[in-house]
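In mature numbering (1 follows the signal peptide of the UniProt record, and there is no 0), the protein residues as written are -30 to -1, 1 to 1113. Cβ coordinates follow ideal geometry from the N, Cα and C atoms, glycine included.
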Amino acid sequence: MTEMVGWLLLCCLPALQVKMGFIAFPAAYGSNDSSSSSIRYCKSNRDKTFWPINPPAYLTLSPPGRTTFPHLFNNTVETNLRRNDSYQLHRNAFFSETDSQWVIMTGDAMEAAVVAAGTIANAATARTTSKIIANNADATNPLRSLSGFSIAHIVADNTDDTELRENFIDLVLQLAVEQPLKTPFTAAVILFINTLRPEIVEDILGRLSIATETKIREGHWRDAKLLLKLFACLQSCLGGDGIFPILEELLGRALDLQTASSEDTIGTELVKIILLTIPYIMAAHPEQWQHKAAQLMGSTEIIASEPHPLQALIDPFLLEAEAAATGSASIISLLQRQLQSEASDGWKLACLPRPWEMPLEEIEAMEKLENATKHDLPVITVPEKVIAGPQPLFPEVHFSVYADQDIPSVPPVTDIASSLIRDALVDTINILDFNRNATARFLVDVDCYFSDSTFVKRATPFDRLRDIPSGRSTWKPEDVAVDAVFSQLHQLPAAEHKLVYYHSVLTEACKQAPAAIAPSLGRAIRFLYHAQSQMDLELSNRFLDWFAHHLSNFGFTWKWTEWVNDVFLPDIHPSKAFIRGALDKEIRLSFAQRIKNTLPEEYQSLISSDTEKDVPDFKFSDETTPFSAEGRELAALLKRKVPDEEFQPVLDRIHAAATEHSLDALVTSTDVFVTAVCWVGSKSLSHVLACIERVKDRLLDIGAASEAARAQIITAVMAYWRAQPGVAISIIEKLLNYSILTPLSVIEWSLVYNHSEREGDALAEAHVFELVSNTVTKVTGREFACFSYDDNHEFHLDDSSMRYYYNPTIGADLSKGYDTFVKADESGDEHLVSLLKTIQAHEQKSGQKIDAQLVTWRGMMTKIMSTPFDDRDGFIEENNAYKKASQQQQNAQQRRGPHAPEVMQFWGALFSLSWGLPKPFRLADSFAGYKFETLATLPKPWGDTPREYIENREDEVVNNKAQYCSVVRTGIGATTICIGGEVDAIWDSKPAQPGTPINWVELKTSVDIRSDRDSATFDRKLLKFWLQSFLLGVPRIIVGFRTHAGILARVQEIQTAEIPDTIARRPNPPWNGDMCVNFAGEFLDWLRQTINDDGVWRIRRKPGSPTIEVFRIEEAGHGEILTDEFINWRIKLSLGPPPAETE
């Protein structure tokens, strides 16, 4: 199949609402040149992970162990501190000569960013300006060292420095969307500048308006909210009604959306943005805007007062527990009531800082502010049809771990402060996900960013809150911070970032301020522990994971005596289940004896003596155990690595004896056999995997024989490792990878075959829930559509070209039949035509568009994901003509041999010096692959294929025009992708139920391994093999190893899921799967943010270059990538069904 290379299309039709081709959602304002951008990447050999930070033109990886601020000044800037103390953008290398030369966005982050963003003549002034704005701090309050007027004068006095002025404006915009806690203080500086140089404010408002309009158009709603928040703080310098007209337009769109569908979530998000913006407007001049605010709130009540249909699905607490004091209420309904209460109280908004207010002695400054120039708000166009954007939108509920206290240590839900502070903290947490240290510092310093009377002194003991006089705040800043993190850790349906990030933030905050944070965490733990019976099961297990992980960072210490009485509860009780699950997780993170030493006497029985054993006992060592002799005999045979047929006599004896006792013969033998496998492989996970590999075929037969046999495989594994369930889960996941077990069999075992008193009781055991959760995760990203090309390469919307795997004949000549090879014409560029036809057919059937953000071929994603480890070949050529010219140039350099050079690659010369004259041999590598596919596949299942065809496969004409293509929906990082790609064969049969995992087979060929060099070459090849199969969910790869003469020497089966682990165990791994996935996730995020306008865009990386370029090649249109048929279909789909006819 011709890959769609060289093209990237941003579909600009508003009605389509989805970007197709290799298409990304456009991004925010960014680099000065929106039509061109590039991304530089590199890898750390120390932590084997990718972590991108983006200067305007590059994607790079930050060295581990350093503080970074990836989002400041459009993207993170890396700087190299030279001896002359000047900064410059460091683009050419990842590590400098010595680590001590690196300065990466620590306390001087803004200073570095301003200077690095451009060549500034007066670097000292620029550094001073940026340092004052970004770190306007002293040791106790980061925003009160200098007056706003002092900062304003510095900027105003240097206004003639164009570059400094531009960088200052950039800095203002970046602060607004990346450090939201500082927005009121940034606004104060701008207001003071307005009294000195109003033309600077005019420029800021212009840029701010463009950025806001872009964010709204592209559906980046958090950024839009934060920019509107800055506008709101600047309301006093705006003419007319300020930003109220924009809020009214957004409300109009929200009402339209809610009218069209009650399940709409975009309108809910718009209402939330409006309600969170109003307080910042009212903080400056409440008396002036009371009427406008009241009008707006009267309209928002229509949406805010109605519970969203999806709210019950994302509520962290069970419906029957609503009466509990959980604080689980809709965010927008709370905001609506809070603002109405605030309006009736004169808009005090006591928590918000007002840094633009001057003390009484500063009368002159106050007069200047009041009489400063008023600016007309630049036009901000809100599109008629707003989109959801790259982040999934769901209704939100308020979650608090301090809601049941007799003394409020966090703002109550009746106070607007609970929403405003939480909103600012949650944005900070989720924006700064790249740097847990910086996030933790903001959380610890939260009291510096709100009014003086908002919080009590840091680290005030909870019991001391009772001594605070009535009328004064009892809110603890550390409680508010911890509460915000837990709200994200317990967000449904999924947290915005990986859960371990929130774990690490709490750990870091506890390390930075142990006296303040640790007691707050203790009270949060107690609340969540006692709320187990009311909480969603998924969230209970998230809390369990965090609790064990957190204790592992602090010596596994906890006041277990508080829960002593719960030790004696039934195992099914939520509290007892939590204790048992936590101890199991702790043991996995340490070892049994150490954990046992941290527990009171009452807990000792929860850790059995079996848990302390490195190797569990083999039950068949006991003579009294039924079938003990057979069990020991099977174990002995397994240790000797005997051929599979030697097991059968022993199993036959078990079958006979089981039948005599009216037992299921297969289930009984399965228990004995699998238990023996577990015992023989119990030394380590690699040992048990090697043992499973040797008997895999027998286990596959057992699993295919009956549901009861599959269930017994799981039972035997879980029973043998009952004291260490984490090991059992790992083994079962490997059995899933080998297709010995099916996902459904695991679910059925957990809910049906687990011999619980009631179905589902097994989920009370944390490891069973973990097993179910992991299994469900494995079955995501499955095929939802397919299409075929026939022998003439004609498109068919079916699976008619699907082929079935059949063992090829060893010794077959992979060069035979080259002269009759029917080769597909790849001179044309098919773009996405077939893929779009398939997607359109699926949407017509389902009645709704697919939710993918990117649509592309598998080959494109393979090239991108392999980028960190493959820099020899560039990707995404200029266009199809360029690709053909490049191929012809390569072929001209290789013009030798008996076959057509345009399809040949040199395999090497075979010199048989011992047997005769040198025998040079050339063969088309691609033809060998197609020949192998012909030998290893059948057009129909084996039983339906004529014997003559099977026996004469070696004489079949090789034709690569016929293809079966699978279309899957999957995700990498935060990006949802629709991928199409060819699948070579199926192992058994295609399930009737859509979305069910399919046993696809990928067929590959390679030179047989005869040396360490050959082995290293094959390891590098495995990267592409793995990526291609991983992306389409192909579980099995069959590799045909050939001699240099082209003879099929042997065939090896490789499990796709095992490849990364296999490579990782090499002494010097040539690649790392996690790095590929991490890089792809960050790259796709960057790509969706870089494409910021209409037209056709191109992605390119030149061979050997560390830079990936993205640039626009057509200002409008779709470059013939989208078909007119597909565009018309999407327009029709967006219009909805026609109105029903009336009689």
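Per DSSP, residue 756 lies in no alpha helix (DSSP H) segment; the continuous beta strand (DSSP E) that holds it begins and ends at 753 to 759.
Taking all protein chains shown into account, residue 631 has fewer than 16 neighbouring C-beta atoms within 10 Å of its C-beta and is therefore exposed.
At a Cβ-Cβ threshold of 8 Å, residue 523 and residue 1027 do not count as neighbours. Residue 1067 is classed as buried because its beta carbon has at least 16 other beta carbons within 10 Å across all chains shown.
Counting the other CB atoms within 10 Å of its CB gives residue 268 a total below 16, which places it among the exposed residues.
In terms of Cβ geometry, residue 162 and residue 212 do not form a close pair [threshold 8 Å]. According to the DSSP secondary-structure assignment, residue 1023 is paired through a beta bridge with 1008. Contact between residue 160 and residue 142 holds, since their C-beta atoms are separated by about 7 Å, short of 8 Å. In the same chain as residue 696, and ignoring 5 residues on each side of it, the C-beta atoms closer than 6 Å to its own belong to 558, in chain order. Its Cα nearest to that of residue 976, the residue 995 stands out among 967, 958, 995 and 583.
Between residue 688 and the set 833, 644 and 665, the nearest pair of CA atoms involves 644. Around the Cβ of residue 448, a 10 Å sphere holds 16 or more other Cβ atoms; the residue is buried. Straight across, the Cα-Cα distance linking residue 802 with residue 756 is about 14 Å. Judged by DSSP secondary structure, residue 338 falls within the alpha helix (DSSP H) whose first and last residues are 333 to 340.
Residue environment for residue 1055: buried (at least 16 other C-beta atoms within 10 angstroms of its C-beta). Cβ atoms of residue 502 and residue 548 come within 8 Å of each other, at about 6 Å.
Distance from the CA atom of residue 795 to the CA atom of residue 955, rounded to whole angstroms, is 22 Å. For residue 435, there is no enclosing alpha helix (DSSP H), as DSSP marks it with neither H nor E. Three or more beta-carbon pairs separated by less than 8 Å are not found between the stretch 658 to 678 and the stretch 969 to 987, which leaves the two stretches without contact. With a cutoff of 8 Å on beta-carbon distance, residue 322 and residue 420 are scored as near each other.
With fewer than 16 other Cβ atoms from the protein chains shown falling within 10 Å of its own Cβ, residue 442 counts as exposed. Restricting attention to 412, 692 and 237, the CA atom closest to the CA of residue 583 is found in 692. Here DSSP, grouped into helix, strand and coil, assigns residue 288 to coil. Sequence-distant Cβ neighbours of residue 347 in its own chain, meaning closer than 6 Å and more than five residues away, are 208.
Listed in chain order, the beta strand (DSSP E) runs fully inside the stretch 913 to 942 are 933 to 942, counting runs of at least 3 residues. The beta carbon of residue 194 sits closer than 7 Å to those of 182, 185, 186 and 243, all from its chain and outside the five residues before and after it, given in chain order. When DSSP reads this structure, residue 976 sits in a beta bridge with 1011. For residue 525, no alpha helix (DSSP H) encloses it, and the DSSP letter there is neither H nor E.
An exposed status is given to residue 817, since fewer than 16 other beta-carbon atoms sit within 10 Å of its beta-carbon.
Counting along the chain, residue 948 sits inside the beta strand (DSSP E) bounded by residues 945 to 952. Boundaries of the beta strand (DSSP E) harbouring residue 824: 824 to 827, taken from the DSSP string. In this structure, the straight-line span from the alpha carbon of residue 314 to that of residue 280 is close to 31 Å. In the three-state DSSP reduction, residue 820 falls in the coil class, being neither helix nor strand.
Rounded to whole angstroms, the Cβ separation of residue 135 and residue 170 is 7 Å, and the two are in contact under 8 Å. Where residue 648 is concerned, the enclosing alpha helix (DSSP H) starts and stops at 635 to 650. Proximity of the stretch 655 to 664 to the stretch 591 to 604 falls short of the contact definition, fewer than three beta-carbon pairs being nearer than 8 Å.
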